[in-house]
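If you read the sequence shown in the working numbering, its first letter stands for residue 15, the second for the next number, and so on. Virtual Cβ for every residue (Gly too), placed ideally from N, Cα, C. In what follows, a structure is listed as structure tokens, so that the remarks can point back to it.
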Amino acid sequence: MTQEYSKIMTECEHSPILDEIRGEYICSKCGLVIKKQYVSPSYQMNETTSNDFKNNKHYVALGKRLNMVDGLGSFIDYQYKSKFNDSSGKVLSPKKQVLYKRLKYFYDIRSRYVNQETDYNVFNLLNRVTAKLKLSDNIRDRAAYFYNKITTEVSKDDITNHIILIAMCIFVAIREYKHNAPVTIQELANIFEDIGHRVSPRTILREIQKVSPYVGNLLNPQTRKSEDYINRIISKIINSNVVLERLFKYDEEVNNYKIYLQNKCFSLFKKFNIKKRGGRNPYIFAVAILYTSDRIFAKQKHRRSILTQKILSDVCDCAEYSIRDHFKFIKSEFLREKSIEF
Numbered sequence: 015m016t017q018e019y020s021k022i023m024t025e026c027e028h029s030p031i032l033d034e035i036r037g038e039y040i041c042s043k044c045g046l047v048i049k050k051q052y053v054s055p056s057y058q059m060n061e062t063t064s065n066d067f068k069n070n071k072h073y074v075a076l077g078k079r080l081n082m083v084d085g086l087g088s089f090i091d092y093q094y095k096s097k098f099n100d101s102s103g104k105v106l107s108p109k110k111q112v113l114y115k116r117l118k119y120f121y122d123i124r125s126r127y128v129n130q131e132t133d134y135n136v137f138n139l140l141n142r143v144t145a146k147l148k149l150s151d152n153i154r155d156r157a158a159y160f161y162n163k164i165t166t167e168v169s170k171d172d173i174t175n176h177i178i179l180i181a182m183c184i185f186v187a188i189r190e191y192k193h194n195a196p197v198t199i200q201e202l203a204n205i206f207e208d209i210g211h212r213v214s215p216r217t218i219l220r221e222i223q224k225v226s227p228y229v230g231n232l233l234n235p236q237t238r239k240s241e242d243y244i245n246r247i248i249s250k251i252i253n254s255n256v257v258l259e260r261l262f263k264y265d266e267e268v269n270n271y272k273i274y275l276q277n278k279c280f281s282l283f284k285k286f287n288i289k290k291r292g293g294r295n296p297y298i299f300a301v302a303i304l305y306t307s308d309r310i311f312a313k314q315k316h317r318r319s320i321l322t323q324k325i326l327s328d329v330c331d332c333a334e335y336s337i338r339d340h341f342k343f344i345k346s347e348f349l350r351e352k353s354i355e356f
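The following block contains the structure:
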């Protein structure tokens, strides 16, 4: 994709540099444009490659988008227009008119999903759910890929509920892109219920076990960690009006408070390895760590805490007694080590 600088000759004999904004090689001294640099459409400045990066290029088929039932993705003239002109504005011959009318009919929205009504409704639901959860296009396309793979390799008789199937596909895609979308399975099920479909965490997990004999184990066996949730939880806390009012009351700067919570939470996580955490819920444990960090910060400032268990329960959607139970566990560990006072 890139070209070695030594192969680029300049008139002024200065070393060329790549202007990544304009995509041009220019002279480092006089600014002379030497050559354009063409890159991949997915190119990003200072991009890094990783084996863990999920690349969706090999999932794209010509004339078909993963997340919807459609044709080549283009339309012939306007929606209700039946008389066609060429590029110069001249009316086409009657033979050409018949040809383009027939082509326009086959690309009409109704003819796109005939005999594919189930897939059409499922992909519409997929787009609605990903929009409500604010998930990235990569996660949406990955979920659509799983759905297409399963419906292709599994017979229709073995698929009893396509709604639960697409919910399972979204959940598996979320687990793969955990650094971009730390969404819990309960939040996913709640979105489906809000739309009007009966989906529960248990049915999603049951569907994974059901399709595994046909397509293999789709779910990454790696356990979700509390560290995956903490940035999202802090963002929800900082954007809460109740928390903002308490920050202004105690004259705390929002960004400084946010940075402190992030640093303190990750430092506390290092004191609890996976074995010491046991089988505790990673999301609630992250909320309890955040509550502990705020208690420590309040102790240093000699004032009351910004966060309360009631505020965290309302904002993070978890029970107060669960936060209290996890906090007691964290507090007992520090009291045993006598490293932090509350």
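Using 10 angstroms around the beta-carbon of Q323, count the other beta-carbons present and answer buried if the total reaches 16, otherwise exposed.
buried
Per DSSP, which one or two residues make a beta bridge with N99?
V105
Which residues mark the beginning and the end of the alpha helix (DSSP H) in which S150 is found?
First-last for S150: undefined, no H or E at that position.
Quick one: give me the first and last residue of the alpha helix (DSSP H) that Q276 is part of.
Judged by DSSP secondary structure, Q276 falls within the alpha helix (DSSP H) whose first and last residues are V268 to F283.
In whole angstroms, what is the alpha-carbon distance linking F137 and I177?
Rounded to the nearest angstrom, the two C-alpha atoms are 10 Å apart.
Would you tell me roughly how many angstroms separate the C-alpha atoms of S102 and K110, rounded to the nearest one?
15 Å
Between which two residues does the alpha helix (DSSP H) holding C330 run?
Q323 to C330
Could you check the C-alpha separation between V53 and P227 for me, to the nearest Å?
Per-residue confidence for V53 stands at a pLDDT of 47, beneath the threshold of 50, marking its modelled position as unreliable; the derived number appears in the next sentence. Taking the straight line from one Cα to the other gives about 41 Å.
Among I153, T144 and F280, which residue has its Cα nearest to the Cα of S240?
F280
Could you tell me if I298 is buried or exposed, where buried requires 16 or more neighbouring beta carbons within 10 angstroms of its beta carbon?
buried
Give the secondary structure of A333 by DSSP, where H, G and I count as helix, E and B as strand, and everything else as coil.
coil
Sub-9 Å separation of V357 and V329 beta-carbons
Because the chain spans 15 through 356 in this model, residue 357 falls outside it and cannot be assessed.
Taking the straight line between their C-alpha atoms, what separation do you get for I252 and D242?
I252 and D242: Cα-Cα distance of roughly 17 Å.
Could you have a look at S249 and say whether DSSP puts it in helix, strand or coil?
helix
Sequence-distant residues of the same chain with beta carbon closer than 7 Å to F283, five excluded per side:
S240, E241 and I303
Would you mind giving the Cβ-Cβ distance between R338 and Y264, rounded to the nearest angstrom? I have them listed as a contact below 8 Å.
Cβ atoms of R338 and Y264 stay farther apart than 8 Å, at about 23 Å.
Threshold first: 4 residues or longer. Then list the alpha helix (DSSP H) segments lying entirely within the stretch 190-234, N to C.
199-209 and 215-229
List the endpoints of the continuous alpha helix (DSSP H) containing F299.
P296 to K315
Along the chain, where does the alpha helix (DSSP H) that runs through F262 open and close?
N255 to K263
Near V197, what residues of its chain come up, given a Cβ to Cβ distance below 8 Å and the 5 sequence neighbours on each side ignored?
L147, L149 and I188
Y161 burial status per 10 Å Cβ neighbour count (16 or more: buried)
When all chains shown are included, Y161 counts as buried.
Inspect the beta-carbon positions of Y305 and F343 and report whether they are closer than 9 Å.
no
Ordered along the chain, which non-local residues of its own chain (more than five positions away) have a Cβ less than 8 Å from that of Q200?
P215
Ordered along the chain, which non-local residues of its own chain (more than five positions away) have a Cβ less than 8 Å from that of I205?
V143, K146 and L147
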